[in-house]
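Residue numbers (the numbering used here): 1 to 233.
The beta carbon of each residue, even a glycine, is placed where N, CA and C say it ideally should be.
To start, the structure itself, in structure tokens.
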Ligand SMILES: Nc1ncnc2c1ncn2[C@@H]1O[C@H](COP(=O)(O)OP(=O)(O)OP(=O)(O)O)[C@@H](O)[C@H]1O
Ligand SMILES: [Mg+2]
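Here is the structure:
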């Protein structure tokens, strides 16, 4: 059992590294190529218009539609890369990343999202910050998929030894059976992730009165922001 747990922790780390690498490659390489492509196309369109007194309309239209398509593709690449590894998490820290996630969640789902977090960035080790962030994402995905909630409240609080993250919705409420014997891998993954940094997850649902997911991880002394520990050395 202990060996399995170690393996699962290791896999979590490997997966996170992999996502970071993939996210960078997408953003840097593909993103730059698409941008050059767009510049070339724009140049081409301008050149055609400049050279021909009456440039054929279908040609111009086609060029413009290709530029539009490239624009959409650039946006898609950005989004995928950001979803793989939100840059705010690495550069601005946990509280900011949570804020960003809450804003996008509300915009995407229409579920009202209130956030209560310390004004100043909390000290937390990078791996613990990643764990909290991924658990938040899974909890919010569950809210959107299962809860029928109209609102959700996220709270990040700093204790003396621990950081606590709470995600509370006002939906149908997860049953005890669902909490104990989950249908999917989500809850299981949350518990494993928390355990991997010496933390824990508690899930509590009250029928018709919503669900609360609480994560506690040891507070680190090193702030997650401003460092780039995700470069494998
Ligand atoms: N916020 C919530 N409100 C009500 N029910 C929930 C909530 N979150 C989870 N559940 C219930 O608990 C079950 C287990 O959740 P879990 O995240 O483990 O699995 P899943 O979301 O069904 O699948 P997966 O996460 O693997 O895609 C869900 O199927 C759902 O029935
Ligand atoms: Mg789930």
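Indicate, with yes or no, if ligand 1 has a heavy atom lying under 7 Å from the CB of residue 166. The answer is no for residue 166.
Which residue comes first and which comes last in the beta strand (DSSP E) that contains residue 162? Its beta strand (DSSP E) spans residues 162-169.
Between which residues of its own chain and residue 61 is the CB-CB distance below 6 Å, once the five residues before and five after are set aside? Nothing listed; no residue qualifies.
Looking at the structure shown, is residue 84 part of a helix, part of a strand, or coil, going by DSSP? Residue state for residue 84 is assigned as helix, using DSSP reduced to three classes.
Helix or strand or just coil, what does DSSP make of residue 227? Caution applies to residue 227, whose pLDDT of 42 falls short of 50 and renders its modelled position unreliable; the value that the coordinates give is listed next. Note: residue 227 maps to coil in three-state DSSP.
Helix, strand or coil: how does DSSP classify residue 6 here? Three-state result, residue 6: helix.
Going by the C-beta, is residue 141 closer than 7 Å to any heavy atom of ligand 2? The answer is yes for residue 141.
If you follow the beta strand (DSSP E) that residue 216 is in, where does it begin and where does it stop? 210-218 is the span of the beta strand (DSSP E), which, as asked, contains residue 216.
Any chance the CB of residue 146 is under 7 Å from a heavy atom of ligand 1? Residue side-chain check: residue 146 places its Cβ nearer than 7 Å to a non-hydrogen atom of ligand 1.
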